[in-house]
Amino acid sequence: MSKLWGGRFSQSPEEWVDEFNASIDFDQQLVMEDLEGSVAHVTMLGECGILTKKETDEIIHGLSVLKEKAADGKLPFSVQNEDIHLNLEHFLIQEIGQVGGKLHTGRSRNDQVATDMHLYLKRRVLEIQELIRSVQSAILKQAGEHVETIAPGYTHLQRAQPVSFAHHLMAYFWMLERDYGRFEDSMKRIDVSPLGAGALAGTTFPINRQRSAELLGFSSIYENSMDAVSDRDFIIEFLANASMTIMHLSRFAEEMIIWSSQEFQFIEMADAFSTGSSIMPQKKNPDMAELVRGKTGRVFGNLFSLLTVLKGLPLAYNKDMQEDKEGMFDTVHTLMGSLKIFAGMIDTMKVKTERLSQAVNEDFSNATELADYLAAKGLPFREAHEVVGKLVLTCIQQNIYLKDLSLKDMQEASSLIDEEVFTVLEPSEAVKRRESEGGTGFSQVRNQIEKAKTILEA
Ligand code: ARG
Numbered sequence: 019m020s021k022l023w024g025g026r027f028s029q030s031p032e033e034w035v036d037e038f039n040a041s042i043d044f045d046q047q048l049v050m051e052d053l054e055g056s057v058a059h060v061t062m063l064g065e066c067g068i069l070t071k072k073e074t075d076e077i078i079h080g081l082s083v084l085k086e087k088a089a090d091g092k093l094p095f096s097v098q099n100e101d102i103h104l105n106l107e108h109f110l111i112q113e114i115g116q117v118g119g120k121l122h123t124g125r126s127r128n129d130q131v132a133t134d135m136h137l138y139l140k141r142r143v144l145e146i147q148e149l150i151r152s153v154q155s156a157i158l159k160q161a162g163e164h165v166e167t168i169a170p171g172y173t174h175l176q177r178a179q180p181v182s183f184a185h186h187l188m189a190y191f192w193m194l195e196r197d198y199g200r201f202e203d204s205m206k207r208i209d210v211s212p213l214g215a216g217a218l219a220g221t222t223f224p225i226n227r228q229r230s231a232e233l234l235g236f237s238s239i240y241e242n243s244m245d246a247v248s249d250r251d252f253i254i255e256f257l258a259n260a261s262m263t264i265m266h267l268s269r270f271a272e273e274m275i276i277w278s279s280q281e282f283q284f285i286e287m288a289d290a291f292s293t294g295s296s297i298m299p300q301k302k303n304p305d306m307a308e309l310v311r312g313k314t315g316r317v318f319g320n321l322f323s324l325l326t327v328l329k330g331l332p333l334a335y336n337k338d339m340q341e342d343k344e345g346m347f348d349t350v351h352t353l354m355g356s357l358k359i360f361a362g363m364i365d366t367m368k369v370k371t372e373r374l375s376q377a378v379n380e381d382f383s384n385a386t387e388l389a390d391y392l393a394a395k396g397l398p399f400r401e402a403h404e405v406v407g408k409l410v411l412t413c414i415q416q417n418i419y420l421k422d423l424s425l426k427d428m429q430e431a432s433s434l435i436d437e438e439v440f441t442v443l444e445p446s447e448a449v450k451r452r453e454s455e456g457g458t459g460f461s462q463v464r465n466q467i468e469k470a471k472t473i474l475e476a
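Note that my numbering has the sequence shown beginning at 19, numbered continuously upward.
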């Protein structure tokens, strides 16, 4: 098969060389974007009088036939035609004859491929933002039901202070809110048209770049044609934002895995999001959460891979840039899949409130309460800390908790202690009283939930 660029060549590459060179196996995912980019380009060429009305109509008709065939999966892509752009041009010429060859007037594959990826990411980012919203809603739903569910809060994975379980869940809502904002912000740089930059230097044809950008729904155009064809910052930025998002999911996944273990039993994942073991009949494994945690590796990898591809490239286009695609597609699919799984997993998980309340009653996470209580009565906090530390040690030696000490024992440690101490030691009191802004106090948590609702409703 002769190449569309074959004029200056007397020999064609062998098939295995074609295979190494080709990107059609993966860039066929850009088929719709490529066809839409072509429709906009040719429409603009017609409006500018660069193509006749007849030529324009014929090409647009041909492209619409290809669109239908593409939607039905009826385009026989081939590696001999290298990539999505040459494959489609080849099919167009087959469909409408030599006039199809006029489509590429005033355009290069370099601005074409960049346009495709801007269009592709613009769409996927909107879908990803939707999915982030669905995870946030699932969090919000669970949080709404568990404001007064008291859970151990941890630092160093050691019991620290009791918290509202909703407060813990809502921390992830706000992480995802930042992720949403980062994707939103990145739109400014994704939503820019490189079309009309040509191979690198622009074109001698009197094209109208603003018009093709407008037809494609882009908000602005690149100011510099060399930058337009060689910029991949917007993809790197996407990969970085995706990395941050999946890192957040991975932290959450880790907690869900721990929480659903026999040792914790704070939650139970729905059967629909768990799997069994082929040998151990009793097992119920949190595979979905583990997979999200595991997939974080490839998402980070894709970011590093593209940064490395770009770091030594001179201006303008270099074929190295073809390596931008697989990682981008992989990250899009991985992140979308992970967000979808997460929304379902959170929505359906069962929070074991009794087990949580038992947990907070059997630990020393109320020790800070006692120290604060003494400090509020005038004892310098450092001394209060010392007094309570000693009481904790006594308890550990006797295998009991602070609430099990007698008032007499406590008064021996400090005469400032009175009857009221037993209320202070209640885990729910500890939570209720933390009403500093953004704290775990019930009304603070309810506030947070209200704000979050407003965000989701907007
Ligand atoms: N398949 C190529 C890519 O993905 C399209 C651009 C090719 N341009 C070129 N001058 N060879 O980067």
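Glycine included, each C-beta is placed from N, C-alpha and C at the ideal position. If you're wondering where the values come from, they're calculated on a predicted model, not measured in any experiment.
{"query": "Going by the C-beta, is V131 closer than 8 Å to any heavy atom of the ligand ARG?", "result": "yes"}
{"query": "Would you mind listing the alpha helix (DSSP H) stretches within the region 271-354 that are 4+ residues and don't spill past its ends, in chain order?", "result": "305-328"}
{"query": "Given 8 Å as the limit, tell me if D45 has its C-beta closer than that to any heavy atom belonging to the ligand ARG.", "result": "yes"}
{"query": "Just the Cα atoms here: how many angstroms apart are L233 and M287?", "result": "47 Å"}
{"query": "Which same chain residues, not among the five before or five after L397, have their C-beta less than 8 Å away from its C-beta?", "result": "V405, S432 and L434"}
{"query": "Which first and last residues belong to the alpha helix (DSSP H) in which T371 is found?", "result": "T371 to N379"}
{"query": "By Cβ distance, which residues of its chain are closer than 6 Å to Q46, with the 5 residues on each side in sequence left out?", "result": "F95 and I102"}
{"query": "Between the C-alpha atoms of V247 and F256, what's the straight-line distance to the nearest angstrom?", "result": "18 Å"}
{"query": "Between A219 and the ligand ARG, is there a pair consisting of the residue's CB and a ligand heavy atom that are separated by less than 8 Å?", "result": "no"}
{"query": "Hey, is H103 close to the ligand ARG, as in C-beta under 8 Å from one of its heavy atoms?", "result": "yes"}
{"query": "Exposed or buried, which one is K301 when buried takes at least 16 other CB atoms within 10 Å?", "result": "exposed"}
{"query": "Check whether the Cβ of R26 sits closer than 8 Å to any heavy atom of the ligand GDP, and report yes or no.", "result": "The model depicted lacks the ligand GDP and carries the ligand ARG instead."}
{"query": "Flag this pair as touching only if the region 156-165 and the region 465-476 have three or more C-beta atom pairs under 8 Å; answer yes or no.", "result": "yes"}
{"query": "Do you know whose CA, among A307, Y391, I42 and A215, lies nearest E100's CA?", "result": "I42"}
{"query": "Is the beta carbon of E166 less than 9 Å from the beta carbon of S182?", "result": "yes"}
{"query": "Secondary structure at Y190, three-state DSSP: helix, strand or coil?", "result": "helix"}
{"query": "Mapping DSSP to helix, strand and coil, what is Y198?", "result": "helix"}
{"query": "Would you identify the three-state DSSP class for V181, choosing helix, strand or coil?", "result": "strand"}
{"query": "In terms of alpha-carbon separation, which member of A231, V153, F399 and C66 lies closest to P224?", "result": "C66"}
{"query": "Within the present structure, is the beta-carbon of S20 separated from the nearest heavy atom of the ligand ARG by less than 8 Å?", "result": "no"}
{"query": "Quick one: using the 10 Å Cβ neighbour count with 16 as the cut-off for buried, is Q176 buried or exposed?", "result": "exposed"}
{"query": "For the beta strand (DSSP E) containing I168, name the first residue and the last one.", "result": "I168 to T173"}
{"query": "Taking only heavy atoms of the ligand ARG into account, decide whether any of them is closer than 8 Å to the Cβ of N128.", "result": "yes"}
{"query": "Please report the residue range of the alpha helix (DSSP H) in which E65 lies.", "result": "V49 to E65"}
{"query": "Just to confirm before moving on: does the CB-CB distance between P170 and D422 stay below 9 Å?", "result": "no"}
{"query": "Check whether the Cβ of M287 sits closer than 8 Å to any heavy atom of the ligand ARG, and report yes or no.", "result": "no"}
{"query": "Does the region 347-362 come within contact of the region 308-323, defined as at least 3 CB pairs closer than 8 Å?", "result": "yes"}
{"query": "May I ask which residues mark the beginning and end of the alpha helix (DSSP H) holding P445?", "result": "P445 to K450"}
{"query": "From H122, S30, M363 and L321, pick the residue whose C-alpha is nearest to that of V153; which is it?", "result": "M363"}
{"query": "Alpha carbon to alpha carbon, how far is L357 from S155? Give it in angstroms, no decimals.", "result": "12 Å"}
{"query": "Mind checking who I239 pairs with in its DSSP beta bridge?", "result": "S211"}
{"query": "So, with DSSP's three-state summary, where would you put Q462?", "result": "helix"}
{"query": "Under the DSSP definition of a beta bridge, which residues are partnered with Q176?", "result": "T173"}
{"query": "Please list, in chain order, all residues of the same chain as L53 whose beta carbon is under 8 Å from its beta carbon, the five residues on each side excluded.", "result": "L81, L84, K85, A88 and L106"}
{"query": "Does the separation of the CB atoms of H136 and S211 fall below 9 Å?", "result": "yes"}
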